[in-house]
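One structure is given below, encoded as structure tokens.
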Amino acid sequence: MREPTRKRGHERVAALLNAAASCFVEKGYDAVTLTEIAARAGASIGSLYQFFPSREALVQALLAEYTEALYARLATLVAQAGTWDIDQLGTQLIGFLVLFRRRYPAFAVLAESASLPASHGTTIRKRLRAELQAILRQKSPSMPLVTLQAATIVVQQLMKAALAINAEPGLPDRKNALAQLERALQLYLRSILS
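Per the numbering used here, the sequence shown starts with residue 157, numbered consecutively.
This is how it looks when you write it as structure tokens:
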């Protein structure tokens, strides 16, 4: 990607990235063309190619932006976790990925696309797991490593279950289902951190 040097160029790149994100959410990764993205951004295809020589370059720029935002939010989560009781921690963990996906809906589309290399998703999952492990270690410094690693996987999967519940179209009583999942995580955390 060519880096913009002027304010107008930065604005054009932001418009192209926003347009790409909207298109990917609406149609999925495989169905979107660069021509559609340029049109949505109000730019010519030549302008798009000036900054993004391929769809993959555009996707990498979006994923870099989303990953940076995810890691920043993770750092905040880890920093604040020490101040929360177990129920508050469970609430924050269940809501974490749901809120992130709501703010960055194209992230999920891109991260789950079978057409993109799996390595990016693997890197993110490993980082998320490492940060969750740090949180659990804060809460239970003497927990044996093997228990800590297994607990981290369970917590991560429960967080992903919240994503699935929240994303399922037409789900009756979604709010109640998420509340019950939150309660399940709180009870689990009590059992391993007490």
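Each residue gets a CB set at the ideal place from its N, CA and C atoms; glycine is no exception.
(request) Could you check what DSSP says for R162 in three-state terms: helix, strand or coil? (result) coil
(request) Give, in chain order, every unbroken run of the alpha helix (DSSP H) that is at least 4 residues long and sits entirely within the stretch 250 to 333. (result) 261 to 267, 274 to 295, 301 to 323
(request) Write down every uninterrupted run of the alpha helix (DSSP H) in the stretch 193 to 257 whose length is 4 residues or greater and which is fully enclosed by it, in chain order. (result) 201 to 207, 211 to 237
(message) Can you give me the C-alpha to C-alpha distance between L172 and L284, rounded to a whole angstrom?
(response) 28 Å
(request) Grab me the residues of M315's own chain with a C-beta within less than 6 Å of its C-beta, minus the 5 sequence neighbours each way, in chain order. (result) L249, L253
(request) Run the CB neighbour count on A235, radius 10 Å, all protein chains shown included, and call it buried at 16 or more, exposed below. (result) exposed
(request) For T308, count neighbouring Cβ atoms within 10 angstroms of its own Cβ and tell me buried if that reaches 16, exposed if not. (result) buried
(request) Express the C-alpha separation of A176 and S275 in angstroms, rounding to a whole number. (result) 21 Å
(request) Have a look at A323, N322, P325, Q342 and flag the residue whose alpha-carbon is nearest the alpha-carbon of V310. (result) Q342
(request) Report, in whole angstroms, the separation of the C-beta atoms of F256 and L226, which I expect to be a contact under 8 Å. (result) 6 Å
(request) Alpha carbon to alpha carbon, how far is A262 from A318? Give it in angstroms, no decimals. (result) 18 Å
(message) Tell me the DSSP secondary structure of A170 in three-state form.
(response) helix
(request) Rank E268, S347, L266 by C-alpha distance to the C-alpha of T303 and give the top, closest one. (result) S347
(message) Please return the same chain residues whose Cβ sits closer than 7 Å to the Cβ of L288, not counting the five positions on each side in sequence.
(response) T308, V311, Q312
(request) Would you mind working out which of R196, K163, I321, L327 sits nearest L337, comparing C-alpha positions? (result) I321
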